[in-house]
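Numbering (our numbering), first residue to last: 31 to 197. The structure appears right after this line, and notes come after that.
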C-alpha cells in the first residue's frame, strides 16, 4: 500500500483492488468512457467496452494474472489501473471530476513497479493518447480497431518511465 498526498490536499492510498471495489471501479470506467471515448465509437465498440468494464469481468480478471490497483481518498475509489501479465496497461481510468489531478500518474507509477518486462504497452483510446504521451509513452504503430474499439498502440521503455512518472 502506498500513501500519498493528493493535489487537493487529501491523503490518497494506492492499494490492490478488492471485491468491495468492483462496483465503484466499474462505475468510474463507464463514467469516464462515456464522457470521453464513447461518442467516437460505433455501437459495437460501446458494447464491447461495457462488457470489459462490467463488475463480473473485472472480478474474473482480478482472479487471474492481472494486477489491479485503485487510488482511494476518504474511503472513495478515485481511479483504477489494470496491468495485464505485468506488461500491458489494460485499463487506466480516473473519476471524471478528479482527472488531471495527478491520480493517473500515481497509479501508473505504482503499477510500473510490478512490470515484468522492459517495455510496457497500452492500446490507448484516441482521446487518451496525449495523456499517455505525458506519462512518457510513445506511439508504436498504426491506429487499429478490435471489436469496435479504436486504439493507438503505444509503448513505454521503463528506463524513460522513471523520469516521466517521478515528476
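C-beta atoms are modelled at their ideal positions from N, C-alpha and C, and glycine is treated no differently.
Cβ neighbour criterion (16 or more within 10 Å) applied to residue i
i: residue 136; result: buried
i: residue 75; result: buried
i: residue 117; result: exposed
i: residue 41; result: exposed
i: residue 69; result: exposed
i: residue 172; result: exposed
i: residue 55; result: buried
i: residue 134; result: buried
i: residue 103; result: buried
i: residue 170; result: exposed
Coarse secondary structure for residue i, derived from DSSP in three states
i: residue 46; result: strand
i: residue 199; result: This structure cannot settle anything about residue 199, because the visible part of the chain is limited to 31 through 197.
i: residue 195; result: Here residue 195 scores only 49 on pLDDT, less than 50, and its place in the model should not be relied on; the value that follows carries that caveat. Reduced to three states, the DSSP call for residue 195 is helix.
i: residue 107; result: strand
i: residue 55; result: helix
i: residue 67; result: coil
i: residue 276; result: Lying outside 31 to 197, the shown extent of the chain, residue 276 is not represented and no answer is given.
CA nearest to the CA of residue i, picked from the options
i: residue 95; options: 51, 83, 119, 59; result: 119
i: residue 101; options: 187, 140, 146; result: 140
i: residue 177; options: 79, 49, 169; result: 79
i: residue 89; options: 166, 51, 175; result: 51
i: residue 147; options: 92, 187, 166; result: 187
Please list the segments of the beta strand (DSSP E) lying wholly inside the segment 136-189, counting only runs of 3 or more residues, in order along the chain. 149-154, 174-176, 179-187
So, does the segment 159-175 touch the segment 53-67, judging by three or more C-beta pairs under 8 Å? no
Report yes or no: do the segment 148-156 and the segment 125-133 share at least 3 C-beta pairs separated by less than 8 Å? no
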